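Quick note on numbering: the sequence shown equals residues 1 to 258 in UniProt numbering. The beta-carbon is built from N, C-alpha and C at its ideal position, and this holds for glycine as well. Since the structure is predicted, the reported quantities are computational estimates derived from the model, not experimental observations.
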Amino acid sequence: FLRFLSSYDWMFTPLVVDINNDFTSEDEVEITENFMLSRKSYEENVQNVESAMFLATSYDKASEAWTIFSPNLYELRRLVAYAHSSAEYLTNLILKNQIESQIWECLFRTPLNNYDAVILLHRDILPFPHRLLFPSEMTKGRHVAQGDASRDFHPYMLGNLKGRTNEMKNKVMVNFDPTRCFLDDLKGEFQNTFKLWYDSLGADAIGLTWDKPNSKKRVREEETEEHQDPIGILRDVGEIGKGLVRSVYFLKAPRLRN
Numbered sequence: 001f002l003r004f005l006s007s008y009d010w011m012f013t014p015l016v017v018d019i020n021n022d023f024t025s026e027d028e029v030e031i032t033e034n035f036m037l038s039r040k041s042y043e044e045n046v047q048n049v050e051s052a053m054f055l056a057t058s059y060d061k062a063s064e065a066w067t068i069f070s071p072n073l074y075e076l077r078r079l080v081a082y083a084h085s086s087a088e089y090l091t092n093l094i095l096k097n098q099i100e101s102q103i104w105e106c107l108f109r110t111p112l113n114n115y116d117a118v119i120l121l122h123r124d125i126l127p128f129p130h131r132l133l134f135p136s137e138m139t140k141g142r143h144v145a146q147g148d149a150s151r152d153f154h155p156y157m158l159g160n161l162k163g164r165t166n167e168m169k170n171k172v173m174v175n176f177d178p179t180r181c182f183l184d185d186l187k188g189e190f191q192n193t194f195k196l197w198y199d200s201l202g203a204d205a206i207g208l209t210w211d212k213p214n215s216k217k218r219v220r221e222e223e224t225e226e227h228q229d230p231i232g233i234l235r236d237v238g239e240i241g242k243g244l245v246r247s248v249y250f251l252k253a254p255r256l257r258n
């Protein structure tokens, strides 16, 4: 699967999945037409392609269910690169008959040094702390912000609340995910400034990569100044996540706009 993911021609070839072995020639023609329409904007500018993958089935001939909005070209390139390196690493482990668990673990996590900045979260107030397989720590980068954990919420009901129904009702927060709320706040506040990378199934780290500059876009003077101060941006990130953010680390500066 990793080799397939890293070698498939995603931009110029649709991936057709015949789930029930019921494809017809008409289905194939329709899928090809839909794929060509989705790639028309590529002829003008490769960056205009919203989704770099096109996955089609007999129930979804226009790739609307899984890949209509993502991944974009930049995200696909990262995905392909990680798939390639993971496949090579896994092959070497098998050939050398290395079965120690600590060696295999890195296949399931991205090195934090690959990001431009890293946000570490307080583990004890994550919505699913029991899912955290690999606690994150930083050994590189500049430490630009840190904060204490909030006492306003906790992922589990405390044992001493058993039997105290009214107090339990006041403390229960159904479907509350502070990390998701934090990510939504960052996306709204810093749109077109950086991308966020996070394992929603359970992680205590958020990777951040600066958005690539686009010389065709006119940028206001104050926005240009903001992009020239990545440390200030990251400190604002820490302030927005106050109570959830443990530390923020700066590793690489964004590229200057033309």
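Query, Result
"Does the region 98 to 110 touch the region 14 to 30, meaning 3 or more C-beta pairs lie closer than 8 Å?", "no"
"Using three-state DSSP, classify A81 as helix, strand or coil.", "helix"
"Mark D116 as exposed unless 16 or more other C-beta atoms lie within 10 angstroms of its C-beta, in which case mark it buried.", "buried"
"Tell me which residues share the same chain as L2 and place their Cβ nearer than 6 Å to its Cβ, disregarding the 5 neighbours each side in the sequence.", "A83, S86 and A87"
"Do G244 and F190 have their CB atoms nearer than 7 Å?", "Reading off the sequence, residue 244 comes out as Leu, not Gly. No; because the gap between Cβ atoms is not below 7 Å, this pair is not in contact."
"Would the beta-carbon of R235 fall within 7 Å of that of L121?", "no"
"In angstroms with no decimal places, state the Cα-to-Cα distance between W104 and P135.", "16 Å"
"Look up K61 in the DSSP assignment and say whether it is helix, strand or coil.", "coil"
"For G188, count neighbouring Cβ atoms within 10 angstroms of its own Cβ and tell me buried if that reaches 16, exposed if not.", "exposed"
"Note down, in chain order, each residue of its chain lying with its Cβ closer than 7 Å to the Cβ of E30, except the 5 sequence neighbours on either side.", "K61"
"Considering only their Cβ atoms, is the gap separating K195 from T179 smaller than 7 Å?", "no"
"According to DSSP, is V29 part of a helix, a strand, or is it coil?", "helix"
"My guess is that A149 and D124 are in contact by the Cβ rule of under 8 Å, so how many angstroms apart are they, rounded?", "6 Å"
"Beta strand (DSSP E) containing L112: first to last residue?", "Careful: L112 lies outside any beta strand (DSSP E) and carries neither H nor E."
"Would you mind reading off the limits of the alpha helix (DSSP H) that contains G147?", "Unbroken run through G147: none, as it is neither H nor E."
"With DSSP as the reference, identify every bridge partner of W197, one or two as the case may be.", "G207"
"Between the C-alpha atoms of V237 and I206, what's the straight-line distance to the nearest angstrom?", "11 Å"
"Just reading off the alpha helix (DSSP H) that F4 is part of, what are its end residues?", "L2 to S7"
"Between the C-alpha atoms of R131 and F176, what's the straight-line distance to the nearest angstrom?", "16 Å"
"Where do the N-terminal and C-terminal ends of the beta strand (DSSP E) with V245 fall, by residue?", "V245 to F250"
"What are the boundary residues of the alpha helix (DSSP H) that P230 is part of?", "P230 to I240"
"From what residue to what residue does the alpha helix (DSSP H) around E189 run?", "P178 to E189"
"According to DSSP, is residue 265 part of a helix, a strand, or is it coil?", "Residue numbering for the chain in the displayed model covers 1 to 258; residue 265 lies beyond these limits and cannot be assessed."
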